[in-house]
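The listed protein sequences derive, respectively, from chains A and B.
Going by numbering that gives the first Met the number 0, the first residue of the first sequence is number 0, and it counts up by one from there.
Going by numbering that gives the first Met the number 0, the first residue of the second sequence is number 0, and it counts up by one from there.
The beta-carbon is built from N, C-alpha and C at its ideal position, and this holds for glycine as well.
Read through the structure below, which is laid out as structure tokens, and then see the notes.
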Amino acid sequence: MTITATIDPPRLALVGNPNCGKTALFNALTGSRQKVANYPGVTVERREGQMISPAGTRVRIVDLPGTYSLRARSPDEAVTRDVVLGRFAEEPCPDVLVCVADATNLRLNLRLVLELKALGRPMILALNMMDMAERRGCAIDVAALARALGVPVVPTVAVRRDGIGALLEQIDRTSASLVPTAAGTADGGWTEPSAQYLRAQYREVDTILAAACPRPGDANVASHRIDQVLLHPAAGLPFLFLILFLVFQAVFSWAEYPMELIDAALSAFSRTVEGAMAEGPLRSLIIDGVIAGVGSVVIFLPQILILFFFIQVLEDSGYMARAAFLLDRMMGGVGLHGRAFIPLLSSFACAIPGIMAARTIENRADRLATILIAPLVTCSARLPVYTLVIAAFVPDRVIYGVFGLPGLVMFTLYAAGILSALVVALILKRTIFKGERQPLLMELPPYRWPRPRDVAIGLFERARIFLTRAGTIIFAVGVLLWFMASFPAAPTDAVGPAIDYSFAGMLGHTIAPLLAPIGFTWQIAIALIPGMAAREVAVAALGTVYALSESEEALESSLATVLAADWSLPTALALLAWFVFAPQCVSTLSVVKRETNSWVWPAVLFGYLTILAYAGAFLTYRTALAVIGG
Amino acid sequence: MLTQTILVGLIVAGAAGWVAWRLLLPASIRARLRRCAGLAATRPAAGCSGCPGCGGGRRNRSEGVPYHMQKD
């Protein structure tokens with residue numbers, strides 16, 4: 000691989016330690032909205048964007064996962080090493096390296112800077128988080144640092160876009176100085192450094208710091224004091240569970256009013272369509288297919304936004320990294336790698352980023368174990384299913400004068416997902432993935448106030464993703480389901496609802512005997528099939544199926560009310576148990592295939608989740624029948 | 000009634016086509032079909048944009064827009 004300085008546009012690579020602000024800088028430069036959070040390991044794959052510099056040059060920028068050295072130990076670090084050293088066959092080597100360093104922790108960050116400088120490539124040092132360094136009384140002589148390192152240094156505060164203009168000008172100067180004929184090996188003869196080389200590097204860091212950073216600044220006293228309480232051996236874990244518990248209480252109580260508003264708007268829209276259109280297939284498609292199907296999912300938007308508001312605030316504040324630390328002992332008890340917490344945390348949004356985040360785990364067996372359990376963590380797509388069933392069957396009662404019963408049930412379902420993930424991990428680590436447990440080594444970020452703009456952007460993105468899914472996959476599957484549930488039409492001498500004679504009705508009645516032992520009705524059987532595309536589609540499918548099966552009076556009430564009248568409590572509980580394990584959506588299985596490069600693991604995942612879901616639903620249904628009756 | 004039936008037929012056919020293209024066809028076949036049709040191949044997934052799941056790795060439309068023209 001050779002350096003291709005002649006390539007137009009020039010390519011920049013953002014390289015740096017984990018959690019030093021590379022993605023924030025990438026977003027500031029390209030206008031992207033990639034996820035940023037206050038803990039290491041958020042970026043696990045290269046991302047590419049473009050910008051046009053003040054001089055009018057189009058520049059391609061690659062954001063890379065964080066690493067402490069080019070000695071990659073995990074797949075995400077290997078991505079960084081391979082891009083920087085030009086080892087990707089299909090990708091040219093970056094023309095300029097923009098090394099991002101955390102100014103509050105220069106001693107650690109300079110080691111990577113020196114390693115990159117040794118490659119002999121055009122390089123710029125972006126000294127990020129300068130505001131925090133200054134607040135701590137850390138005095139950095141930028142000019143002296145540039146002289147000592149022999150590379151241009153630009154102070155920045157990426158989250159506020161401070162210094163971005165100066166960085167862009169420096170990028171222009173460096174890009175202009177690229178010699179078109181320059182060619183050579185991209186790795187600069189890079190080899191794994193020896194212990195002697197590392198010791199010499201530490202000494203060089205000390206020399207540079209003595210020249211450029213005479214005052215290293217105070218330690219972060221505030222973070223330390225907060226940690227004394229939040230990471231307390233006895234109080235830390237109960238506090239974490241209390242926070243999670245309160246989050247689920249808020250998800251229910253705060254969302255009530257906006258959900259009622261959306262429900263009322265949908266009902267009004269449905270009545271308007273009914274009044275404005277002549278009876279016919281299009282009217283039925285809009286009312287029974289689109290409004291009843293898509294509408295029954297869209298109504299859960301407030302709950303999803305409230306849940307992600309709390310997750311975002313906890314992530315940005317730096318508390319989530321502490322949660323990893325607090326749960327390390329529990330994870331270690333089942334043999335999980337300490338770093339497995341971040342993939343599991345990401346899985347609360349969706350299993351896909353969770354599975355990809357497992358790249359930060361060095362050991363393959365630990366990584367596979369984490370990938371196989373990540374889908375057990377309750378993703379946001381399950382929230383509509385849980386909420387619908389809870390709204391139908393759990394009375395809105397306050398217990399002990401403080402806690403709402405629906406929130407308590409939701410918390411229990413999330414806890415059941417985590418618990419089952421830990422149990423499966425224990426079994427996997429004791430059988431097929433045996434091996435010594437690796438300790439957790441993680442740099443705890445300082446506590447920061449979450450920036451309202453970042454939280455708002457995060458919530459906007461979450462709403463956009465949710466509504467896009469509603470407008471694409473849920474809409475398309477809903478239309479097809481309506482078609483299957485409406486055709487062929489019932490014969491003239493039909494007894495019972497027309498849906499019984501439709502394709503969907505026939506399919507549902509065919510599958511129903513398989514699911515009868517776990518108490519599922521034929522309507523649930525139909526809903527589970529499109530639910531493979533995305534779990535919340537199951538709610539849309541139930542909405543459509545019941546819209547076409549029920550009488551006019553029944554349709555005046557909400558889907559939850561219809562379900563409460565049609566299902567028994569054991570059936571509802573069995574469905575909740577099914578969705579705790581819920582056999583995976585197609586996207587998750589395809590990502591597992593991509594990450595493991597094998598069809599074996601997606602097959603194993605699908606197989607064990609299906610068995611668990613069936614067994615869980617069966618036990619729940621039979622126990623509930625025995626205790627409370629049908 | 001006929002108009003409604005025709006419109007419904009088009010919507011259902013469109014939905015079936017979308018589901019077949021996006022959900023049922025393997026990505027490799029989709030890429031091959033795109034190449035056969037003379038369309039640019041989709042770029043490899045960045046972050047998790049390759050999935051319809053969370054869209055966490057989505058690129059912003061403002062990429063390529065001059066820096067000074069980007070919104071704060």
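Option nearest residue i by Cα separation, candidates the options
i, options, result
"glycine 606 (chain A)", "A:Cys584, A:Val626, A:Thr173 and A:Gln522", "A:Cys584"
"serine 586 (chain A)", "A:Ala88, A:Leu284, A:Val246 and A:Ala532", "A:Ala532"
"serine 266 (chain A)", "A:Gly628, A:Ser252, A:Ser485 and A:Ser557", "A:Ser557"
"histidine 508 (chain A)", "A:Ala526, A:Glu535, A:Leu466 and A:Arg429", "A:Ala526"
"glycine 406 (chain A)", "A:Thr103, A:Pro516 and A:Ile242", "A:Ile242"
"valine 41 (chain A)", "A:Lys428, A:Ile528, A:Ser269 and A:Ser345", "A:Ser345"
"arginine 21 (chain B)", "A:Pro569, A:Arg468 and A:Val538", "A:Arg468"
"isoleucine 303 (chain A)", "A:Met409, A:Gly216 and A:Ala323", "A:Met409"
"aspartate 81 (chain A)", "A:Asp101, A:Thr56 and A:Leu115", "A:Leu115"
"glutamate 594 (chain A)", "A:Met355, A:Leu618 and A:Ala484", "A:Met355"
"serine 174 (chain A)", "A:Ala100, A:Arg135 and A:Ala54", "A:Ala54"
"methionine 483 (chain A)", "A:Thr543, A:Asp75, A:Val536 and A:Ile456", "A:Thr543"
"glycine 457 (chain A)", "A:Gln311, A:Phe519, A:Val228 and A:Val158", "A:Gln311"
"serine 222 (chain A)", "A:Glu442, A:Phe580 and A:Thr491", "A:Glu442"
"leucine 418 (chain A)", "A:Gly353, A:Pro352, A:Gly495 and A:Met329", "A:Met329"
"glutamine 49 (chain A)", "A:Val35, A:Tyr67, A:Ser68 and A:Leu24", "A:Leu24"
"valine 36 (chain A)", "A:Glu47, A:Asn18, A:Arg46 and A:Asn26", "For the record, residue 36 (chain A) in the displayed sequence is alanine; it is not valine. It is A:Asn18."
"phenylalanine 307 (chain A)", "A:Thr22, A:Ile472 and A:Ala462", "A:Ala462"
"leucine 13 (chain A)", "A:Ala625, A:Ser485 and A:Val83", "A:Val83"
"isoleucine 163 (chain A)", "A:Ala71, A:Trp448, A:Leu28 and A:Leu229", "A:Leu28"
"glycine 292 (chain A)", "A:Ala275, A:Ser269, A:Thr430 and A:Ala322", "A:Ser269"
"isoleucine 517 (chain A)", "A:Ser501, A:Val158, A:Asp492 and A:Phe578", "A:Phe578"
"glutamate 347 (chain A)", "A:Leu480, A:Val376 and A:Ala322", "The sequence given here places phenylalanine at residue 347 (chain A); glutamate does not occur at that position. The shortest Cα separation from phenylalanine 347 (chain A) among A:Leu480, A:Val376 and A:Ala322 belongs to A:Val376."
"isoleucine 398 (chain A)", "A:Ala263, A:Val494, A:Gln248 and A:Ile286", "A:Gln248"
"methionine 131 (chain A)", "A:Asp161, A:Arg110 and A:Glu278", "A:Asp161"
Beta-carbon proximity list for residue i, same chain, < 6 Å, skipping 5 on both sides
i, result
"glycine 504 (chain A)", "Ile498"
"leucine 421 (chain A)", "Val333"
"glycine 331 (chain A)", "Arg436"
"leucine 439 (chain A)", "Asp327 and Gly337"
"phenylalanine 309 (chain A)", "Val246"
"alanine 524 (chain A)", "Gly507, Ile510, Ala511 and Leu514"
"proline 64 (chain A)", "Thr42, Val43, Asp75, Val78 and Thr79"
"leucine 144 (chain A)", "Val152 and Ala211"
"methionine 632 (chain A)", "An answer regarding residue 632 (chain A) cannot be provided, because it is not within the stretch 0 to 629 covered by chain A."
Contact with chain A by residue i, beta-carbon distance below 8 Å
i, result
"leucine 24 (chain B)", "no"
"isoleucine 28 (chain B)", "no"
"leucine 6 (chain B)", "yes"
"alanine 14 (chain B)", "yes"
"cysteine 50 (chain B)", "With a pLDDT of 38 at cysteine 50 (chain B), under the threshold of 50, the modelled position of that residue is not reliable, and the figure given next carries that caveat. So, interface residue."
7 Å CB neighbourhood of residue i in its chain, flanking five on each side removed
i, result
"phenylalanine 299 (chain A)", "Leu382, Pro383 and Thr386"
"isoleucine 360 (chain A)", "Ser73, His336, Arg338, Ala339, Arg366 and Thr369"
"leucine 107 (chain A)", "Asn16"
"proline 601 (chain A)", "Leu588, Val591 and Lys592"
"isoleucine 51 (chain A)", "Arg57"
"aspartate 171 (chain A)", "Ser52, Pro53, Ala54 and Thr56"
"methionine 128 (chain A)", "Gly20, Asp101, Ala102, Thr103 and Val156"
"leucine 568 (chain A)", "Phe392, Ala623 and Ile627"
"valine 112 (chain A)", "Cys98, Ala100, Leu124 and Leu148"
Cross-strand partners of residue i (DSSP beta bridge)
i, result
"alanine 100 (chain A)", "A:Leu126"
"aspartate 161 (chain A)", "A:Val156"
"alanine 138 (chain A)", "A:Arg214"
"glycine 403 (chain A)", "A:Val397"
Short CB-CB distance (under 8 Å) between residue i and chain B
i, result
"glycine 162 (chain A)", "no"
"proline 280 (chain A)", "yes"
"alanine 532 (chain A)", "yes"
"valine 95 (chain A)", "no"
"valine 312 (chain A)", "no"
"valine 585 (chain A)", "yes"
"phenylalanine 340 (chain A)", "no"
"leucine 284 (chain A)", "yes"
Sequence-distant residues of its chain with Cβ nearer than 8 Å to residue i (five each side left out)
i, result
"aspartate 395 (chain A)", "Gly403, Leu404 and Pro405"
"alanine 614 (chain A)", "none"
Tell me the start and end of each unbroken alpha helix (DSSP H) in the region 71-95 of chain A that is at least 4 residues and wholly inside, in chain order. 74-83
Going along the chain, which unbroken runs of the alpha helix (DSSP H) with 4 or more residues stay wholly within the region 508-576 of chain A? 521-527, 536-548, 551-554 and 558-565
Could you tell me which uninterrupted beta strand (DSSP E) segments, each at least 3 residues in length, are contained entirely in the region 2-61 of chain A, listed from first to last along the chain? 10-15 and 46-51
In chain order, each alpha helix (DSSP H) run of at least 4 residues that lies wholly inside the region 397-472 of chain A: 404-429 and 451-468
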